[in-house]
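The opening residue of the sequence shown carries number 1430 in my numbering; numbering runs sequentially from there.
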Amino acid sequence: MNGQASDTETFAQRLVAEVQDLYRRQPEIPALLGLSPEAANNPAHLLADILASTTGGQSASSHVRCLAADAFSSDTDGFRAAIADIETTARKNFEPGGLSATLLYSRGVHALLGHRVAHYYWMIAKTDLALALKTLFGRAFSTDIHPAAEFGKGIWLDHGLGFVVGETAIIGDNVSIWHGVTLGSTLKDNGTRRHPRLGPNVTIGADAILLGGIDIGTGSVIAAGSIVLRDVEPETTVAGVPARSKPRTGASFTGI
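Right, here's the structure in full:
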């Protein structure tokens, strides 16, 4: 077993243990959220159970639970990326409750889990099913993420509300995104480069709009409310309408 797989397995088992402990201490929580304590015995089934509980309706939840469990069990890379998303969110959120609270209560994590499931079915050519799942998760999380969009690992989607992502968008590893962000097209682009491509370690503030087949360089920062229509160089901060480069001052970035 390589180091990445070992780290993922260790973290996944820690996550399972914390959720099981929470369920034992406060059994009203899984009952309130429509969760199955038995599902917490297996990491892939736990993620599927959490996702299913958000979709409402017994029939829809049952189907989502089965489809998500199959996806997380079959797609090793997708499962590892989902675990990395949870770890990153728990580390950055500064909220009480640890890993179990992050998994159970973070809407951004839930939206990412939903996309990873839809993306799996898109990639195995079950495109109609992927689009149906995208629609169901969009209703649940107030997002619209095309199942073809490519997400790296360790994504922090804070809140997630209003997050819109087009079909050819690519999001690199360890990207942080606040609510209300759009990765869209200009309607003038066509082909496989219609939407933005974000390099690793990019940060995008709330309500920023990025349009067209542009490249956002590694480590760059898009300030809240900006409209970005051109490429952004690595390690660059841009802000405004339209967005322009701003000098780095060393101050911390606030996404809201």
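C-beta atoms are modelled at their ideal positions from N, C-alpha and C, and glycine is treated no differently.
Using DSSP with H/G/I as helix, E/B as strand and the rest coil, what is residue i?
i: I1574; result: strand
i: S1681; result: At S1681, the pLDDT of 46 sits below 50, so the modelled position is not reliable and the matter cannot be decided from this model.
i: R1626; result: strand
i: M1430; result: Below a pLDDT of 50, predicted positions are generally treated as unreliable, and M1430, at 45, falls in that range; no measurement from the model is reported.
i: G1613; result: strand
i: D1504; result: coil
i: D1700; result: Here the chain covers residues 1430 to 1685 and nothing more, so residue 1700 does not appear.
i: A1498; result: helix
i: E1438; result: helix
i: K1555; result: coil
i: G1620; result: coil
i: G1567; result: helix
Taking the beta strand (DSSP E) that residue i belongs to, which residues open and close that run?
i: V1667; result: T1666 to A1668
i: K1675; result: R1673 to K1675
i: I1638; result: I1638 to L1640
Could you please give me the residues that DSSP links to residue i through a beta bridge?
i: V1585; result: Reading off the sequence, residue 1585 comes out as Trp, not Val. The partner list for W1585 (beta bridge, DSSP) reads S1605.
i: S1599; result: According to the sequence provided, residue 1599 is Ile. The question's Ser does not apply to it. E1579 and R1626.
i: V1661; result: I1645
i: I1651; result: I1633 and V1667
i: I1656; result: I1638
i: V1445; result: Per DSSP, none; premise fails for V1445.
i: V1594; result: I1574 and L1612
Should residue i be labelled buried (16 or more other beta-carbon atoms within 10 Å of its own) or exposed?
i: F1523; result: exposed
i: R1453; result: exposed
i: G1669; result: exposed
i: I1651; result: buried
i: E1516; result: buried
i: M1430; result: The predicted position of M1430 is uncertain, since its pLDDT is 45 and thus under 50; no value can be drawn from it.
i: S1614; result: buried
i: S1649; result: buried
i: K1563; result: buried
i: E1467; result: exposed
i: T1666; result: buried
i: L1464; result: buried
i: S1655; result: buried
i: N1470; result: exposed
i: D1506; result: exposed
i: D1587; result: buried
i: T1521; result: According to the sequence displayed, residue 1521 carries Lys and not Thr. So K1521 ends up on the exposed side.
i: L1640; result: buried
i: I1685; result: Unreliable positioning characterises I1685 in this predicted model, as indicated by a pLDDT of 43, which lies under 50. A coordinate reading is not provided.
i: S1535; result: buried
Terminal residues of the continuous alpha helix (DSSP H) containing residue i?
i: L1464; result: No alpha helix (DSSP H) contains L1464, which DSSP labels as neither H nor E.
i: V1631; result: Element bounds for V1631: n/a, residue is neither H nor E.
i: V1546; result: R1536 to M1552
i: P1472; result: P1472 to S1482
Does residue i have its Cβ less than 7 Å from a Cβ in chain C?
i: L1444; result: Going by chain labels, chain C is absent from the structure shown, which holds only one protein chain.
Would you call the region 1471-1487 in contact with the region 1497-1513, where contact means no fewer than 3 C-beta pairs closer than 8 Å? yes
Counting Cβ pairs closer than 8 Å, one from the region 1630-1644 and one from the region 1591-1608, do we hit at least three? yes
Hey, is the region 1615-1633 in contact with the region 1540-1555, meaning 3+ C-beta pairs nearer than 8 Å? no
At a cut of 8 Å, does the region 1521-1535 reach the region 1501-1509 through at least three beta carbon pairs? no
Decide if the region 1618-1630 is in contact with the region 1564-1571; the criterion is three or more beta carbon pairs, one per stretch, under 8 Å apart. no
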